[in-house]
Structures are given as structure tokens and as C-alpha cells.
Amino acid sequence: MARALIHLPAAARKGEVVEVRALIAHAMETGYRAGADGRILPRDIIRRFSCRYDGELVFSADLYPAVSANPYFAFFLTADGSGSLTFTWEGDNGFAQTETVTITVS
Amino acid sequence: MIDAAALDRARRQLLAAGLGIGLGVAWRPAHALSDELAGALRAFTGGAATREGKVSFDIAPLVENGNTVPITVTVDHPMTAAQHVQAIAVFNEKNPQREVVACQLTPRAGRAVVSTRIRLATTQQLVAVAKLSDGSYWTHTVDVIVTLAACIE
Amino acid sequence: MTARGAAWAFSWGLLASAGALAQGAADARRSGFDSMSPRIQAMQRDDQQNPGMLWVADGEALWTKVAGTSASCAHCHGDAGQTMRGVAARYPDWDKIDRRPVNLAQRINLCRTRHQQVPPLPPESAELLGLEAYVGHQSRGMPLTPSPAKELDAPREHGHRQWEQRIGQLNLSCALCHDQLPGRVLGGATIPQGHVNGYPTYRLEWQGLGSLQRRIRNCVIGVRAEPPAFHSDEMVELELYLTQRSAGLKVETPAVRP
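Residue numbers (our numbering), protein chains in the order written: chain H, 16 to 121; chain E, 421 to 573; chain B, 3 to 260.
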């Protein structure tokens, strides 16, 4: 389980547009880099990031080796009701991680 | 025998050129996209025409380290069910591969703004492209200078 | 207050103000933070963006984790936010049992072997860096305040001599670049003053968090010299000198640097 940090406002008003920040620990090995022995290290990256709001996909991204290690995304959501936000990261070598955060909307 | 005057002229020319490069990023007209970069853009748009505009690309013109470059792409467009930005993607000129990141948005993503951190192998051109729900594509191109760390492992 | 008490207070007052005057008048020292671009400064300043916080979060989890069959750090040290305040700011410190200076990472390992009866964590391992970052973070905002233990004077002076010694195929000393030439540009990068107030640091070049010793090894390799081993005597002596050199600068752990 990689360390993931997710931030969004603790509470939001209905209809308010809030910023979400998601950061996950991952080396994002590009597949273009040579190791100490001169051989190319195989690619090992997160390829997909998605955010679902009560199960519905609201934001997603396809990542390529040009995304820095410890991938960070900041994006916006319209807070239309209290519920859960599910963040998923998937990648090479079967990497799969999900984090769930509650959003409180008044 | 060293021609002092010629040396002096050369030194001044070099200085002027250097200053020019230093000031360059803001006013230098963007040069045409390389074939590969244009090709990657075409693959993304499915051959559809692209227009400059609506998209702004916030990135430092001179980056301290190409390993982690913060970027923010903003599209000046509503995010409603009827009219919204469907995708925002970034392509590069000189990394080992052209694609950087491609994001998919929905009307529930309140604002068409995405921030992330990317890797840049060297000084190069970058293109941010937005796909709108009406099928149109809008782009913005930037030039970035990348300096490298001096004492690396 | 007694007359003697008043005399003491007066002397300390004099010393303190003299120190403050000397520092205020001629202190050209600046944290590496000051020479970074606004975007990278924002990356450090905002805990929600700072990648180093991933390691701090790891360290926080490890703090309360029971190590093997023994107690967790929290068992003896309670809430790190209270008990660890100011601790990292005075390291390296003198270890009375082994009679040698140790840095924070070594100190954490000594706790593990002596009090938790578990093996030490390898240098630069994710867990050790996590704990170092978590403990270091509790001193954030406080000035680096080197330990006053007299036994550290001699090792610190060894570190100072290392700082001034030319080494490597490039035959450069740390002092040459970082005392005499900071602000000048070397190979596209600005030479920093080389302060150590942000360690462990998330270095963009590493795309990860690393210790001061890792950074020192980078420099030594950079001048084409044989790097000292992690947790060696040489290393902690140099760290002692470096923290004295940066004394008073505010701890920024986990800092972000290019």
C-alpha cells in the first residue's frame, strides 16, 4: 500500500466548486533510465488515476512516464451533495490502490 | 596576433545574444511544432483542426530541475451539462515520448483547471490541448528552458 | 531577586543581546528556500502539495506501530507533537553510552536496539527516513540550536577541517564553493550557501526524500572523491559542523529543494 494524501475542504455549501488535491507515493520508473549496471530499468508507472463521486466518474487522467514521481493532481469538483469520493490509482505490475474520503455538503 | 577590437565586438555580440535568449521566452514567436509533436496532437484530435486560444498553460519559463516541474492548465470555458471541457492533454517535443498526461473531465468537475508535476528532459516546446463538448479543439504552446542540477549522484 | 540572581540575569542579558547584535549586523546567511522560484517555494510551503509530507505521514504511522514484540515509539515518547518539539533542532548530539556523536537517524536506531530490542533500520531506508522526517517535522519553525555538550567540540572541529579540506579529482573543498562562491552559477545551477535546516529534504533531483548524509555524498561524488559511508564518524562530524554553521536558521523539515 503506497502512502496517499488527499485534501479537500472539510465542509462545502451545495453547488460550491471545491479544489481536490491527491498525492501518492510512487517512483514512476520511466522505462528510459539505465540502472547502475547500464541496463535499462523496466517501466513501472501508475497509468490511470480516477475520482468517482458516489460511484460516478467525475475526473480521470491517463499518466505517461513524463509525469513526475509521487504523482500529484489538483482539480475541481462541484459539491452537490454529501457522499463519498473514491480515488483509484492503477498501473504497471498490478499496481492498484483505492482511497475513500467523505465529502460533507450542507 | 590577437585582434583586440574583433574580440571586443565578438564579446559584445555574444553578450547581446545571451541577453536576447534570457528575455526570449516571453516575446519570441513560437516556432512551428515538430513533425512528431504535430503527429501526436493529430492522433489526440483524430485529425480535427485545432485553434489557438481558451487554454492557458502556467509553467515556469526557466525550471530549476526538469524532474519535477509544476504545471497548471486552465481552460476558459463553462462546465455545464450543455457546454463543458471534456479533456485536457499535454504533449512535449523532446522527451523520449510525446505524451505527458491526458485528463478526462465531466460537467461535475466544476472548473476546467488541472495541476500536476511533469518531467522535462531538456529545453523544449510543450502543447496543452483542450477538447470541448462541441467537438472543437483548442491549444496553447509554450517554450520552456530546462537547466540541470550540477552535482548529481 | 537576589543580588547574585540579578548579576546572573544581567550577564545573560548582555550575552544574549551581544549575540543578537552580532547576528543582526552581519548575518548574510539565507536558507536555500530563499533562492528557489515561487512555484517550488509554494510546493514546500503548502503541506497539501509538499511531497515530503508523504514520508512524514509514513513516520507518523510508524511512531505508534509496535515494533516486533516490543513497544512502539509512542509507548515511551507519547505524543510526538509534544515530546519531540525541538529535539531534531539540536541534533547531532552526544551519546553518553557509546561516547560518540550521533545524528537523529542513528539516535532512532539506538532507541530501536537499546529500548525496543529490534534491529536497526538501514540508512536511507524508507522507514528510517519516515521516522526522521516525522521527528524533524516537529521542530519545524524552530531555530537550529546545536547541542551545547562540550564533548562535541572536538568532533565538530574535525568536521570543520573536512569542510576546508580540498578533496577529489577536482580538488575542491566545500568552503570554496559554499563559503566563497554562493550565488554564482555552476553548470546551470546556482551554488547555494549549503545550509542544512531542511533535512530530510525532498530533492527534485532525487524525486524523493533524502538525508543530509545523502546530499553530502552527492557533493563528494560531484568533486570526484570517494564518498564517506553512511553513519560513519566522518559524516556525523561534518554534520556537527554544518549544523553549527546553520545555527539559528529555522527548521523547514521536510524542505523541498531543486
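Every residue gets a Cβ at the ideal spot worked out from N, C-alpha and C, and that includes glycine.
What you are looking at is a predicted structure, and each value in this text was computed from that prediction instead of being measured.
* From the DSSP output, in three-state form, read off Leu78 of chain H for me. => The residue labelled residue 78 of chain H in the question sits at position 63 within the first sequence. Residue state, collapsed to three classes: strand.
* For the region 204-233 of chain B, which residues have a CB atom closer than 7 angstroms to at least one CB atom of chain E, in sequence order? -> Leu206, Glu207, Gln209, Asn220, Cys221, Ile223 and Gly224
* Asked: How about Met45 of chain B and Gly88 of chain B: do their beta carbons lie closer than 9 angstroms?
  -> For the purposes of this step, residue 45 of chain B is identified with residue 43 of the third sequence, where counting begins at 1. For the purposes of this step, residue 88 of chain B is identified with residue 86 of the third sequence, where counting begins at 1. No, the pair does not count as a contact, with Cβ atoms beyond the cut-off.
* **Nearest candidate by alpha-carbon position, reference Ile61 of chain H, set H:Glu105, H:Glu71 and H:Thr117** => Translated into positions along the first sequence, residue 61 of chain H becomes position 46. Of all alpha-carbon atoms in H:Glu105, H:Glu71 and H:Thr117, the one lying nearest the alpha-carbon of Ile61 of chain H is that of H:Glu105.
* So is Gln545 of chain E in contact with chain H if we call contact Cβ pairs under 9 angstroms? -> The residue labelled residue 545 of chain E in the question sits at position 125 within the second sequence. Not one chain H Cβ lies under 9 angstroms of Gln545 of chain E.
* To do: Inspect the CB distances between the region 520-530 of chain E and the region 227-238 of chain B and report whether three or more fall short of 8 angstroms.
  => no
* Asked: Are the Cβ atoms of Val137 of chain B and Ala82 of chain B separated by less than 9 angstroms?
  -> The sequence position of residue 137 of chain B within the third sequence is 135, counting from 1. The sequence position of residue 82 of chain B within the third sequence is 80, counting from 1. Result yes, Cβ atoms of Val137 of chain B and Ala82 of chain B sit closer than 9 angstroms.
* Asked: Buried or exposed: Ala469 of chain E, going by 16 or more other Cβ atoms within 10 Å of its Cβ?
  -> For the purposes of this step, residue 469 of chain E is taken as the residue at position 49 of the second sequence. Classification for Ala469 of chain E: exposed.
* Asked: Does the pairing of the region 454-465 of chain E with the region 486-501 of chain E give three or more beta-carbon distances under 8 angstroms?
  -> no
* Would you say Glu44 of chain H reaches chain E, if we count a Cβ-Cβ gap shorter than 9 angstroms as a contact? -> Mapped onto the first sequence, residue 44 of chain H falls at position 29. False, the Cβ-Cβ gap to chain E never drops below 9 angstroms.
* Asked: Whole beta strand (DSSP E) runs in the region 464-541 of chain E with 3 or more residues, listed along the chain?
  -> Qualifying beta strand (DSSP E) stretches, in chain order: 470-472, 475-478, 489-495, 505-512, 519-525 and 533-538.
* Asked: Going by beta carbon distance, what residues of the same chain come within less than 6 angstroms of Ser74 of chain B, once the five residues before and after it are set aside?
  -> If you number the third sequence from 1, residue 74 of chain B lands on position 72. Contacts found: Thr66, Lys67 and Val68.
* Starting from the C-beta of Arg219 of chain B, find all residues in its chain whose C-beta is less than 6 angstroms away, skip the five residues before and the five after it, and write them out in chain order. => On the third sequence, position 217 is the one that residue 219 of chain B refers to. Correct list, in chain order: Pro229.
* Asked: Between Glu513 of chain E and Leu453 of chain E, is the Cβ-Cβ spacing less than 9 angstroms?
  -> For this step, residue 513 of chain E is matched to residue 93 along the second sequence. For this step, residue 453 of chain E is matched to residue 33 along the second sequence. Yes, the pair counts as a contact, with Cβ atoms nearer than the cut-off.
* Check each candidate in B:Ala28, B:Asp36, B:Ile193 and B:Pro103 and name the one with the smallest Cα separation from Glu236 of chain B. => Stepping through the third sequence from its first residue, residue 236 of chain B is reached at position 234. Of the listed residues, the one whose Cα sits closest to Glu236 of chain B is B:Pro103.
* Cα separation between Leu214 of chain B and Thr203 of chain B? -> As a working mapping, residue 214 of chain B is identified with position 212 in the third sequence. As a working mapping, residue 203 of chain B is identified with position 201 in the third sequence. Their backbone Cα atoms lie some 8 angstroms apart in a straight line.
* Relative to the alpha-carbon of Arg163 of chain B, which residue among B:Phe232, B:Arg217, B:Leu244 and B:Leu172 has its alpha-carbon at the smallest distance? -> Counting from 1 along the third sequence, the entry for residue 163 of chain B is found at position 161. Of the candidates B:Phe232, B:Arg217, B:Leu244 and B:Leu172, the one whose C-alpha sits nearest the C-alpha of Arg163 of chain B is B:Leu244.
* Asked: What are the boundary residues of the beta strand (DSSP E) that includes Cys66 of chain H?
  -> Position 51 of the first sequence, counting from 1, holds the residue named residue 66 of chain H. From DSSP, the beta strand (DSSP E) with Cys66 of chain H extends over Ile61 to Tyr68.
* Are the region 34-48 of chain H and the region 79-94 of chain H touching, with three or more C-beta to C-beta distances below 8 angstroms? -> Contact check between the region 34-48 of chain H and the region 79-94 of chain H: three or more CB pairs, one atom from each, fall below 8 angstroms, which counts as touching.
* Ends of the beta strand (DSSP E) at Trp558 of chain E? -> By 1-based counting over the second sequence, the position of residue 558 of chain E is 138. Note, Trp558 of chain E: beta strand (DSSP E), Tyr557 to Val566.
* Relative to the C-alpha of Thr101 of chain H, which residue among H:Val35, H:Lys29, H:Ala81 and H:Val120 is closest? -> For the purposes of this step, residue 101 of chain H is taken as the residue at position 86 of the first sequence. It is H:Val35.
* Asked: Between Pro490 of chain E and the rest of its own chain, which residues show a CB-CB distance below 6 angstroms, the 5 nearest in sequence each way excluded?
  -> For the purposes of this step, residue 490 of chain E is identified with residue 70 of the second sequence, where counting begins at 1. Contacts found: Arg537.
* When the Cα of Ala17 of chain H is compared with those of H:Val116, H:Ala111 and H:Ile118, which residue comes out closest? -> Here residue 17 of chain H refers to the residue found at position 2 when the first sequence is read from its first residue. Among H:Val116, H:Ala111 and H:Ile118, the Cα nearest to that of Ala17 of chain H is on H:Ala111.
* To do: Identify, in the order they occur along the chain, each residue of the same chain with its Cβ nearer than 7 angstroms to the Cβ of Arg58 of chain H, setting aside the five sequence neighbours on each side.
  => For the purposes of this step, residue 58 of chain H is identified with residue 43 of the first sequence, where counting begins at 1. Excluding sequence positions up to five before and after Arg58 of chain H, its CB lies within less than 7 angstroms of the CB of Glu44, Thr45, Gly46, Pro80 and Asp107, all in the same chain and listed in chain order.
* Contiguous alpha helix (DSSP H) assignments of at least 4 residues, all confined to the region 150-215 of chain B -> 155-166
* Can you find at least 3 beta carbon pairs, one from the region 48-59 of chain B and one from the region 109-120 of chain B, that sit closer than 8 angstroms? -> no
* To do: At 7 angstroms on the CB atoms, spell out the chain E contacts of Thr93 of chain H, in chain order.
  => To locate residue 93 of chain H, count along the first sequence from 1; it is residue 78. Neighbours of Thr93 of chain H on chain E, chain order: Arg528 and Gly530.
* Consider the Cβ of Ser97 of chain H: report whether some Cβ of chain E lies at a distance smaller than 9 angstroms. => The residue you call residue 97 of chain H lines up with position 82 of the first sequence. Output row for Ser97 of chain H: interface = no.
* **Where Phe232 of chain B falls: helix, strand or coil (DSSP)** => As a position in the third sequence, residue 232 of chain B is number 230, starting the count at 1. Three-state DSSP puts Phe232 of chain B in coil, outside helix and strand.
* **Start-to-end residues for the beta strand (DSSP E) that takes in Pro103 of chain B** => Stepping through the third sequence from its first residue, residue 103 of chain B is reached at position 101. It spans Arg102 to Val104 - the beta strand (DSSP E) in which Pro103 of chain B sits, taken as one unbroken run.
* To do: With DSSP as the reference, label Thr147 of chain B as helix, strand or coil.
  => Position 145 of the third sequence, counted from the first residue, corresponds to residue 147 of chain B. It is coil, neither helix nor strand.
* On the three-state DSSP scale, how would you describe Gln108 of chain B? -> Position 106 of the third sequence, counted from the start, is the residue given in the question as residue 108 of chain B. Collapsing the DSSP output to three states places Gln108 of chain B in a helix.
* Asked: Which residues in chain H sit within 7 angstroms of Met55 of chain B, going by Cβ to Cβ distance?
  -> Looking up residue 55 of chain B in the third sequence gives position 53. What Met55 of chain B touches in chain H: Leu20.
* Taking all protein chains shown into account, do 16 or more other C-beta atoms lie within 10 angstroms of the C-beta of Ile99 of chain B, making it buried, or fewer, making it exposed? -> In the third sequence, the residue the question calls residue 99 of chain B occupies position 97. With a threshold of 16 other beta carbon atoms within 10 Å, Ile99 of chain B falls short and is exposed.
* Please compile the residues from chain H whose C-beta is within a distance smaller than 7 angstroms of the C-beta of Ala59 of chain B. => Here the question's residue 59 of chain B lines up with position 57 in the third sequence. The contacting residues are Arg18 and Leu20.
* Could you list the residues in the region 504-526 of chain E with a C-beta less than 7 angstroms from some C-beta on chain H, going in chain order? => Asn512, Asn515, Pro516, Gln517, Glu519, Val520, Val521, Ala522, Cys523, Gln524, Leu525 and Thr526
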